[in-house]
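So the sequence lines, in the order shown, correspond to chains G and D.
Each residue of the first sequence is one higher than the one before, starting from 127 at the first, in this note's numbering.
Each residue of the second sequence is one higher than the one before, starting from 208 at the first, in this note's numbering.
Don't be surprised by glycine CBs; every beta carbon is placed ideally from N, CA and C.
Please read these numbers as outputs of a predicted model, since none were measured by experiment.
What follows is one structure encoded as structure tokens, with my remarks underneath.
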Amino acid sequence: MRISGRAVIFGDHVNTDVIIPSKYLTSLDPNELAKHAMEGIDPEFPEKAKAGVIIVAGRNFGCGSSREQAPIALKYAGTRCIIAESFARIFYRNAINIGLPVLEAADISSKVEEGDVLTVILEEGKILNETKNEVIEANKLPDFILEIIRDGGLIEHLIKVMRR
Amino acid sequence: MSARTLGGMNISEKILAMASGEDYVKPGEIVEAKVDMAMVNEITGPLAIQTFKRIGLESVWDNQRIVLVLDHQVPADSVKSAELHKIMRNFAREQNIQFLYDIGDGGICHQVMVERGHVRPGELIVGADSHTCTYGALGAFATGIGSTEMAAVFATGRLWLKVPSTIRIYVAGKFKDFVTPKDLILDVIGRIKSDGAIYKAVEFTGPTISDMSISGRLTLCNMTVEMGAKTGIIEPDEKTLQYVRERTSKPFKVVKSDSDAQYERTLKFNVDELEPMVACPHSVDNVKPVKDVEGVEVNQAFLGSCTNGRLEDLELAARILKGRHVKRGVRLLVTPASSKVYLQALQKGLLEIFVKSGAYVCNPTCGACFGGHMGLLAAGEVCVSSSNRNFVGRMGSPEAEIYLASPATVAASAIEGKITDPRRFLEGIAK
Chain G
127 MRISGRAVIF GDHVNTDVII PSKYLTSLDP NELAKHAMEG IDPEFPEKAK
177 AGVIIVAGRN FGCGSSREQA PIALKYAGTR CIIAESFARI FYRNAINIGL
227 PVLEAADISS KVEEGDVLTV ILEEGKILNE TKNEVIEANK LPDFILEIIR
277 DGGLIEHLIK VMRR
Chain D
208 MSARTLGGMN ISEKILAMAS GEDYVKPGEI VEAKVDMAMV NEITGPLAIQ
258 TFKRIGLESV WDNQRIVLVL DHQVPADSVK SAELHKIMRN FAREQNIQFL
308 YDIGDGGICH QVMVERGHVR PGELIVGADS HTCTYGALGA FATGIGSTEM
358 AAVFATGRLW LKVPSTIRIY VAGKFKDFVT PKDLILDVIG RIKSDGAIYK
408 AVEFTGPTIS DMSISGRLTL CNMTVEMGAK TGIIEPDEKT LQYVRERTSK
458 PFKVVKSDSD AQYERTLKFN VDELEPMVAC PHSVDNVKPV KDVEGVEVNQ
508 AFLGSCTNGR LEDLELAARI LKGRHVKRGV RLLVTPASSK VYLQALQKGL
558 LEIFVKSGAY VCNPTCGACF GGHMGLLAAG EVCVSSSNRN FVGRMGSPEA
608 EIYLASPATV AASAIEGKIT DPRRFLEGIA K
């Protein structure tokens, strides 16, 4: 699976309250949530993300609440993949479960600048920074997680498994 | 290889081994585990329900093991909230789920889970709320998950888990008066930092933990997610068993750590000299002694939440507030964690003390802590809160500031109108 897009950079400890503030959680409509993605930290994000982007962030991305509306808002706003130095665990699972690829790469923040064109080769755990012509190593995802992402999320995966 | 040659297991590993039908598990291993109880609230539940319906199954895996709680925005503060509540009620009816805690009956989901006997030692519990880790205080392995994953649990009763490595926190010493488990956990988070325990379990042990009430233990485990932990956990003892047996007649298995259990590391704390602590804006690990920030003026003080909305917390605050008045221009919100806590506080005369002091007593709800309703902050306002998060915008405006502290510090600060060390009220206090 190859995923390409321009990088949008965030720092450490981006929490779920800034990704999607509590006041929007009464909505079940993913496109409505997407309009407010990152509103607490970068209100311009939905506009930037429209073309399809890859989020690059520091440590502990997605810390805070278990709200799955956070990865949903990012995905529907146009986020194709999130690469961070580390993730908060519930956000990490939620992203995989809704079919949004997430990758950990130890020193990603120092190797990518805003607007760089990235291509992620998910199965290999490799990131190509096309702008800087560099290869960045990430932690490879285990096979069963890759399978969930390839199927489009946990529910699609479960339906497929139950049909077997 | 026998378990013996591999070394012993700690309580978290033992529960995950039991839940996945294995004799032995070790950190890093991925297990498929059977869930004992699953909880959702009205923020995460409707999405889980919608997603469950997409799977196309008629019924959930076990309607006796699912708990539905309305707590974040109750009573409905908008038509949209009311619609979410309706989805929860309808699902309970369709699936014949008896454990639906509607308004007037329940309260904050985590308090409801423990006080209504849905958490038992040795169990694996998942909740679609990050503070599910609270239940480790009763010797269960409990962790937060998202809505899609919960839909899969509704369907199968199972989920995959990576066995976490465990940080052991050994606590000795006796708390001084008006220094509380909340001050201890803030001190711990200040040292471990907000990402210091990501993917890990945090096990509390030592004489201070043995001496601590169940309420205090719940406060400790509740905030382990603020350092990224998968769960906080405490070995069950006589106090735990008494608490649980008063609330459920269901059988359970007491699980304890082996004497040769493995830990990633052990950190030692002593509370003899611990002072009241506060987490300053805008990060829960920005922790300082209260005395270092005394004098910061506050507009709002919040006493409540799944961290510190229990009877013991209200009693502590009432000791300080009795016969005194909240500073003019400051609003103190008191939100008991559940209907049971509310009733006990009523019967003990605490609500009268609060109302006479000028506090506003709210219904049981997550309320101001969640920033959905009941006490949001305007730009430039400052709140001292007994809750668990001080992220930018958590309680309303992104330009507001939140200081996290104990119920005692919240009460003292409400009286003075500025952040205040509660020990200033030690002399001549009504005990």
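Where G:Ala210 is concerned, there is no enclosing alpha helix (DSSP H), although the beta strand (DSSP E) around it starts and stops at 205–210.
Taking 8 Å as the cut-off, the Cβ atoms of G:Arg206 and G:Gly166 do not count as close.
With respect to the 8 Å criterion, D:Val321 and D:Tyr308 are not classified as neighbours on the basis of their beta carbons.
Think of a sphere of 8 Å around the beta carbon of G:Asp143: the chain D residues whose beta carbon falls inside it are Gly578, Arg596, Phe598, Val599, Gly600, Arg601, in chain order.
Taking all protein chains shown into account, D:Gly311 has fewer than 16 neighbouring C-beta atoms within 10 Å of its C-beta and is therefore exposed. Exclusion of the five residues before and after G:Ile274 leaves Ile222, Asn223, Gly225, Leu280, His283 as the residues of its chain whose Cβ lies within less than 8 Å of its Cβ. Boundaries of the beta strand (DSSP E) harbouring D:Gly511: 507–511, taken from the DSSP string. Look at the region 140–169 of chain G: the residues with a C-beta under 9 Å from a C-beta of chain D are Asn141, Thr142, Asp143, Val144, Pro147, Ser148, Lys149, Leu151, Thr152, Ser153, Leu154, Glu165, Gly166, Ile167. Put simply, the region 235–245 of chain D does not touch the region 135–154 of chain G. Fewer than three CB pairs are less than 8 Å apart. Residue pairing for D:Arg538: DSSP places it in a beta bridge opposite D:Gln507. Around the beta-carbon of G:Met288, fewer than 16 other beta-carbon atoms lie within 10 Å, marking it exposed. By the Cβ neighbour-count rule, D:Met434 is buried, with 16 or more other Cβ atoms within 10 Å of its own. Taking every protein chain shown into account, the CB of D:Leu553 has fewer than 16 other CB atoms within 10 angstroms, so this residue is exposed. In terms of Cβ geometry, D:Ile374 and D:Val409 form a close pair [threshold 8 Å]. From the beta-carbon of D:Ser285, the residues of chain G found nearer than 7 Å are Thr152. By the criterion of at least three beta-carbon pairs nearer than 8 Å, the region 461–470 of chain D is not in contact with the region 572–581 of chain D.
Rounded to whole angstroms, the separation of the alpha carbons of D:Val503 and D:Ser266 is 54 Å. DSSP, reduced to helix, strand and coil, places D:Phe632 within a helical segment of the structure shown. Counting along the chain, the unbroken beta strand (DSSP E) around G:Ile129 starts and ends at 128–135. The distance from the Cβ of D:Thr447 to that of D:Gly603 is about 37 Å, inconsistent with a contact at the 8 Å cut-off.
Cα atoms of D:Ala226 and D:Leu540: separation of roughly 41 Å, rounded to the nearest angstrom.
Only residues of its own chain outside the window of five on either side were considered, and among them none has a CB closer than 8 Å to the CB of G:Glu173. Residue D:Ala362 holds the alpha-carbon nearest to the alpha-carbon of D:Thr258 among D:Cys340, D:Val326, D:Ala362. Buried is the label assigned to D:Asp243, since at least 16 other Cβ atoms lie within 10 Å of its Cβ. The count of Cβ pairs closer than 8 Å, one atom from the region 621–632 of chain D and one from the region 498–514 of chain D, reaches three, so the stretches are in contact.
At a cut-off of 8 Å between beta carbons, G:Gly188 makes no contact with chain D. Residue-level contact check: D:Lys437 touches chain G, since one or more beta carbons of chain G fall below 8 Å from its beta carbon. For D:Tyr549, the closest Cβ of chain G is not nearer than 8 Å. One Cα belongs to D:His532, the other to D:Leu557, and the distance between them is close to 14 Å. Nearest CB-CB separation between G:Glu194 and chain D: below the 8 Å threshold.
DSSP, read as helix, strand or coil, puts G:Phe213 in strand. Contact between the region 244–263 of chain D and the region 470–484 of chain D is absent: fewer than 3 CB-CB pairs across the two stretches fall below 8 Å.
Close to D:Glu356, with beta-carbon spacing below 8 Å, are these residues of chain G in chain order: Arg219, Asn220, Asn223, Leu280. With fewer than 16 other beta carbons inside 10 angstroms of its own, G:Met127 counts as exposed. Between the alpha carbons of D:Asp444 and D:Gly423 lies a gap of roughly 14 Å.
From the beta-carbon of D:Gln257, the residues of chain G found nearer than 7 Å are Leu154.
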